[in-house]
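Asker: Before we start, here is the structure in question, set down as structure tokens.
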Amino acid sequence: MMTNELIKNGLWQQAFKVSLPVAMGYIPAGIAFGVLFVAAKLPIWAAILSSVVLYAGAAQYASIALLAGGVGISTIASNTLAINLRHAFYAIPLLKQLPTNPISRFYCLFALTDETFSVLTTLDENERQRLILPVSLLNQCYWVTGTILGILVGAGLNDWVPHLDFALVCLFAILAYEQFKAVKAYYPIFIAIIAFIAAFYFTSDWLLLSAICGSLGLIIIHFFMSNKSTHQQAL
377 MMTNELIKNG LWQQAFKVSL PVAMGYIPAG IAFGVLFVAA KLPIWAAILS
427 SVVLYAGAAQ YASIALLAGG VGISTIASNT LAINLRHAFY AIPLLKQLPT
477 NPISRFYCLF ALTDETFSVL TTLDENERQR LILPVSLLNQ CYWVTGTILG
527 ILVGAGLNDW VPHLDFALVC LFAILAYEQF KAVKAYYPIF IAIIAFIAAF
577 YFTSDWLLLS AICGSLGLII IHFFMSNKST HQQAL
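Numbering (our numbering), first residue to last: 377 to 611.
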């Protein structure tokens, strides 16, 4: 019924149009993941299950070495938490645009990746609310399709095309640039740079987690300073 409603309203066509840049990155990146997973001699079914149930590009890439090395569940879980913690903050600006249906709402929160967030935040609020579900579904379909294609291609591609795992980084850089062009806000860039330099200086083991926490702290400071300045101007 939900799918029929999306088709009837023509939302799939609109969602495909706005998610096409993600498809152009997710399919090659998914292929890279599938190839690297097979090259590590891990079960094929586990690669597909990972893309369906985990669906987090960076964490999935990181899991390959951990699974191949026979690392314990607690280590894999802590690494996945550190890598994916940033996703918890993505939901905050999109809470009002989430579907009201509990299942759809849960899925949209689950499927809120870096690239999905980047695409959705370039849309106005009305479009965002209408397209959040089909865009989320299509983006995961791109990723799962890429994974299956990578499995079919096999491990040999890893020898022909080195550094396949860098495909996801390239995609995120492109989408971040497109988001910047749409929003035209400079302070997030400065906050990210400062937080990364500070995290790099103080720790190397928890670099990503430290940088995320530092960014969050600086964003909160910026928020209160902006509100204070606005309040003073109003007086």
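Backbone N, C-alpha and C fix where the C-beta goes; we use that ideal spot for every residue, glycine too.
Tell me whether the beta-carbon of L442 lies closer than 7 Å to the beta-carbon of I452.
Answerer: yes
Asker: Does G406 come out as helix, strand or coil in the three-state DSSP assignment?
Answerer: helix
Asker: R504: which of Q473, Y577, A487 sits nearest, CA to CA?
Answerer: Q473
Asker: Please state whether DSSP places N462 in a helix, a strand or coil.
Answerer: A small correction: the amino acid at residue 462 is Arg; Asn does not occupy that position in the sequence shown. R462: coil per DSSP, three-state reduction.
Asker: Among the candidates A568, A487, P475, whose CA atom is the shortest distance from the CA of L585?
Answerer: Comparing Cα positions, the closest option is A568.
Asker: Write down the C-beta distance between Q436 and S426 rounded to the nearest angstrom, noting that I regard them as a contact closer than 8 Å.
Answerer: 5 Å between Cβ atoms; contact.
Asker: So what does DSSP say about A561, is it helix, strand or coil?
Answerer: coil
Asker: Rounded C-beta distance between I440 and A416? I'm assuming under 8 Å.
Answerer: Between A416 and I440 the Cβ distance is about 5 Å, and since that is below 8 Å, they are a contact.
Asker: Under 8 Å by Cβ, that's how I've got S617 and N515 pegged, so tell me the actual separation to the nearest angstrom.
Answerer: With the chain covering only 377 through 611, there is no way to say anything about residue 617.
Asker: Please state whether the Cβ-Cβ distance between A423 and G410 is less than 7 Å.
Answerer: yes
Asker: Which whole-angstrom value is the C-beta distance of I508 and L496, which I expect to be below 8 Å?
Answerer: That belief holds up - the Cβ atoms of I508 and L496 are roughly 6 Å apart, short of 8 Å.
Asker: Assuming N515 is part of the alpha helix (DSSP H), what are its boundary residues?
Answerer: 501–529
Asker: Give the straight-line distance between the Cα atoms of L485 and Y466, rounded to the nearest whole angstrom.
Answerer: 9 Å
Asker: Distance, Cα to Cα, A571 vs G386?
Answerer: 42 Å
Asker: Taking DSSP as the reference, what is the three-state secondary structure of P469?
Answerer: The answer is helix: DSSP assigns P469 an H, G or I state.
Asker: Starting from L485, trace the alpha helix (DSSP H) both ways and give me its first and last residue.
Answerer: Segment 478–486, the alpha helix (DSSP H) holding L485.
Asker: For A391, which residues in the same chain have their Cβ closer than 7 Å to its Cβ, ignoring the five residues on either side in sequence?
Answerer: L507, P510, V511, L514
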